[in-house]
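2 protein chains.
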Amino acid sequence: MWTRWMHRALALAALADGSTSPNPLVGAVVLDASGQLVGEGFHARAGQPHAEVGALAQAGAAARGGTLVVTLEPCCHHGRTPPCSEAVIRAGLARVVIALEDPDPRVAGGGIAQLRDAGVEVITGVLRALAIEQNRAFLHRVQTGQPWGVLKWAMGVDGRTALANGASQWISGPPARAWVHQLRSQMDAVIVGGGTVRADDPLLTSRGRRQPEPLRVVLTRSLDLPAQAQLWDTSIAPTLVAHGPDRQDQALPDGAERVLLSPCNPTELMRALAQRGCNRVLWECGPELAALALRQGCIQEVAAVIAPKLMGGNPARTPLGHLGFTAMDQVLSAAASGVQALGDDWLIQLRLDG
Amino acid sequence: MWTRWMHRALALAALADGSTSPNPLVGAVVLDASGQLVGEGFHARAGQPHAEVGALAQAGAAARGGTLVVTLEPCCHHGRTPPCSEAVIRAGLARVVIALEDPDPRVAGGGIAQLRDAGVEVITGVLRALAIEQNRAFLHRVQTGQPWGVLKWAMGVDGRTALANGASQWISGPPARAWVHQLRSQMDAVIVGGGTVRADDPLLTSRGRRQPEPLRVVLTRSLDLPAQAQLWDTSIAPTLVAHGPDRQDQALPDGAERVLLSPCNPTELMRALAQRGCNRVLWECGPELAALALRQGCIQEVAAVIAPKLMGGNPARTPLGHLGFTAMDQVLSAAASGVQALGDDWLIQLRLDG
Numbered sequence: 001m002w003t004r005w006m007h008r009a010l011a012l013a014a015l016a017d018g019s020t021s022p023n024p025l026v027g028a029v030v031l032d033a034s035g036q037l038v039g040e041g042f043h044a045r046a047g048q049p050h051a052e053v054g055a056l057a058q059a060g061a062a063a064r065g066g067t068l069v070v071t072l073e074p075c076c077h078h079g080r081t082p083p084c085s086e087a088v089i090r091a092g093l094a095r096v097v098i099a100l101e102d103p104d105p106r107v108a109g110g111g112i113a114q115l116r117d118a119g120v121e122v123i124t125g126v127l128r129a130l131a132i133e134q135n136r137a138f139l140h141r142v143q144t145g146q147p148w149g150v151l152k153w154a155m156g157v158d159g160r161t162a163l164a165n166g167a168s169q170w171i172s173g174p175p176a177r178a179w180v181h182q183l184r185s186q187m188d189a190v191i192v193g194g195g196t197v198r199a200d201d202p203l204l205t206s207r208g209r210r211q212p213e214p215l216r217v218v219l220t221r222s223l224d225l226p227a228q229a230q231l232w233d234t235s236i237a238p239t240l241v242a243h244g245p246d247r248q249d250q251a252l253p254d255g256a257e258r259v260l261l262s263p264c265n266p267t268e269l270m271r272a273l274a275q276r277g278c279n280r281v282l283w284e285c286g287p288e289l290a291a292l293a294l295r296q297g298c299i300q301e302v303a304a305v306i307a308p309k310l311m312g313g314n315p316a317r318t319p320l321g322h323l324g325f326t327a328m329d330q331v332l333s334a335a336a337s338g339v340q341a342l343g344d345d346w347l348i349q350l351r352l353d354g
Numbered sequence: 001m002w003t004r005w006m007h008r009a010l011a012l013a014a015l016a017d018g019s020t021s022p023n024p025l026v027g028a029v030v031l032d033a034s035g036q037l038v039g040e041g042f043h044a045r046a047g048q049p050h051a052e053v054g055a056l057a058q059a060g061a062a063a064r065g066g067t068l069v070v071t072l073e074p075c076c077h078h079g080r081t082p083p084c085s086e087a088v089i090r091a092g093l094a095r096v097v098i099a100l101e102d103p104d105p106r107v108a109g110g111g112i113a114q115l116r117d118a119g120v121e122v123i124t125g126v127l128r129a130l131a132i133e134q135n136r137a138f139l140h141r142v143q144t145g146q147p148w149g150v151l152k153w154a155m156g157v158d159g160r161t162a163l164a165n166g167a168s169q170w171i172s173g174p175p176a177r178a179w180v181h182q183l184r185s186q187m188d189a190v191i192v193g194g195g196t197v198r199a200d201d202p203l204l205t206s207r208g209r210r211q212p213e214p215l216r217v218v219l220t221r222s223l224d225l226p227a228q229a230q231l232w233d234t235s236i237a238p239t240l241v242a243h244g245p246d247r248q249d250q251a252l253p254d255g256a257e258r259v260l261l262s263p264c265n266p267t268e269l270m271r272a273l274a275q276r277g278c279n280r281v282l283w284e285c286g287p288e289l290a291a292l293a294l295r296q297g298c299i300q301e302v303a304a305v306i307a308p309k310l311m312g313g314n315p316a317r318t319p320l321g322h323l324g325f326t327a328m329d330q331v332l333s334a335a336a337s338g339v340q341a342l343g344d345d346w347l348i349q350l351r352l353d354g
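Protein chains in written order, with the numbering used here: chain D, 1 to 354; chain E, 1 to 354.
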């Protein structure tokens, strides 16, 4: 009975995908006492009204005796906006239908308890699996203290990500490159290592698809970075240089912010980015840093763009450095995966186990 | 008007795919004077009747005044069987519809000329592109003196074909491995290098899907081969060891046949296999031999099985050795390509340019 409206609420929530960090995606619909749709809302951005508030405002007096269908448990704490549980009670709703309990320790069932205490009927778990999938980045960050990591690379069918001399522009075609810009627009940060800055001088933006652009991050133990690079033009997008304690006196190009990691590794970078409110980050780094991020559990999804090309061999670059496996039953395998065409190229996506 | 029957003739021809070498695939239908189907035939195997002969035998007297629809120009030479052009004329057909002229220098329009000289109407080029595609291996062998080469490998999404210690069983799942057995059943020969024999001790058969099994070929400059190997059991399938002139005094395990190549390289092997009547061969070799075969133009198609796994890095094996490219516009790119699922794995197939 409620799944139809929960699908609608999930679709509303998805409108802000990539824009709500550190908050979750939330969508809500309000039905009046006769079951007619009278209000819709979604959470657009941190600091802006929660989904329930927008939907209730639209519904007005028609909400009285009605039903709120919402993808996440209404909050019960004073954050940048007042608690939604109170707004729901004040609106006189008879019933609240929830997909997923909020794992935020400041909520964690408290919103549901407040509603029930006030005599509101609460139904939970409607389309729960879809709601978990939609908010997997937020949930992962709340549960682990680290953003959800996506590792992306482009390669020929023979598994090469550059020629022996480093040439790699362009392996994939315009549709695949546009897809990568779209992918970046869903990210709070895009991460490379110093080697990628030196070799490719990347821009790393969504080409305007996201405003503000995702934070561009360089993880570099050595701080051996070129004086001139597209990343230093921070009028386009912010840039953060993450380095270790032995380099803290070394100067950086103007514009770039810096963060000290101790030790300087992917896990510490993930903690630092989570503290800055990043729910989801994209790794576009070289093979050694990618392998290290995988080994440290910083990668939850892989997006491999495969071009119908043969690039050839040693010593050309490959996607991943050594992972230390000695038997085929140890290798990282996908819990779920899929393929789609991007122009002449293909995109294979893996969701990693565990 | 004739395309419907030519599709039927092409479907008949395809029934023998992989079994007719060194001959082409040919299918034929006979229609009587009123256009009714009265005979069907296909060429099953070298030494057995040509497609036209079977179809005409089935049609009997009903062929008189009728039409033969055949995928390849009828032969006009005495081979292991008498010329089909004469049989067609003798049957009293009014018309012959042909998809493709036979490029065999012993035919090459001669069959068509004989028919026209005898007063038979000849229509050519019906579904010609499909006929070329169906017989691409035969046509390539006739035109170049070398079999059509297919290069196959299995790898993780990160482009690795083995772990650093050489472990590779199994990268792909049972459906993909069954597909490889099926692929071998369409091949006249399956080629590996000595390194693959030493590392994997492969069986290289179609698991009974082809009778006889394809010829198993080891291309080895060094003749450094293990004394015990599955390839030496030639009761299952024949095995040919191809080596260079400096090893001709070296003994081989019992059972294996040998061929001397001078020089010992992929091109010379292709010439030797073409002379043995191979139209189509499968390369299942390691990266260095694969790269050499590519560089020498011995590969026309690539079949890459991609498993949803991350295997990790240097020094793990990759599909292809060095191809010598220094700019992205030099790399081998596909004229046509496609992807399909094989269980949890994917199959990407490339047809190479030129």
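For glycine and all other residues, C-beta sits at the position ideal for the given N, C-alpha and C. Bear in mind the structure is a predicted one, so any value in this text is a computation, not a measurement.
Candidates the options, of which the one nearest residue i by Cα
i             : options                   : result
residue 310/D : 118/E, 326/E, 113/E       : 326/E
residue 202/D : 28/D, 209/D, 210/D, 193/D : 193/D
residue 34/E  : 177/E, 116/E, 94/E, 209/E : 94/E
residue 285/D : 271/D, 266/D, 277/D       : 266/D
residue 18/E  : 243/E, 215/E, 256/E, 87/E : 215/E
residue 293/E : 30/E, 264/E, 71/E         : 264/E
residue 188/D : 115/D, 158/D, 150/D       : 150/D
residue 110/E : 136/E, 143/E, 73/E, 125/E : 73/E
residue 210/D : 69/D, 222/D, 271/D, 190/D : 190/D
residue 89/E  : 117/E, 304/E, 100/E, 81/E : 117/E
residue 23/D  : 249/D, 247/D, 276/D       : 276/D
residue 173/E : 307/E, 2/E, 31/E, 253/E   : 307/E
Assigned exposure category for residue i - 16 Cβ within 10 Å defines buried
i             : result
residue 274/D : buried
residue 15/E  : exposed
residue 170/D : exposed
residue 133/D : exposed
residue 243/D : buried
residue 4/E   : exposed
residue 121/D : exposed
residue 287/E : buried
residue 321/D : buried
residue 66/E  : buried
residue 123/E : exposed
residue 155/E : buried
residue 114/D : buried
residue 251/D : exposed
Cutoff 6 Å; reference residue i; Cβ partners in own chain excluding five residues on either side
i             : result
residue 141/D : 147, 274, 279
residue 41/E  : 28, 51, 54, 55
residue 102/D : 72, 73
residue 257/E : 240
residue 268/E : 261
Rounded separation between residue i and residue j - CA only
i             : j             : result
residue 39/E  : residue 91/E  : 12 Å
residue 318/D : residue 229/D : 24 Å
residue 60/D  : residue 36/D  : 13 Å
residue 85/D  : residue 12/D  : 20 Å
residue 163/E : residue 238/E : 30 Å
residue 63/D  : residue 97/D  : 14 Å
residue 289/D : residue 329/D : 23 Å
residue 178/D : residue 217/D : 21 Å
residue 348/E : residue 338/E : 6 Å
residue 112/E : residue 76/E  : 9 Å
residue 44/E  : residue 186/E : 13 Å
residue 313/D : residue 158/D : 8 Å
residue 357/D : residue 138/D : This structure gives no information on residue 357/D, because the portion of chain D shown stretches from 1 to 354.
residue 282/D : residue 184/E : 41 Å
residue 70/E  : residue 125/E : 11 Å
residue 232/E : residue 83/E  : 41 Å
residue 342/D : residue 302/D : 16 Å
residue 161/E : residue 153/E : 7 Å
Contacts around residue i, its chain only, beta-carbon distance under 7 Å, and the 5 residues preceding and following it disregarded
i            : result
residue 87/E : 52, 53, 56
Close beta carbons around residue i, own chain, < 8 Å, minus the five adjacent residues each side
i             : result
residue 198/D : 224, 225, 226
residue 143/E : 103
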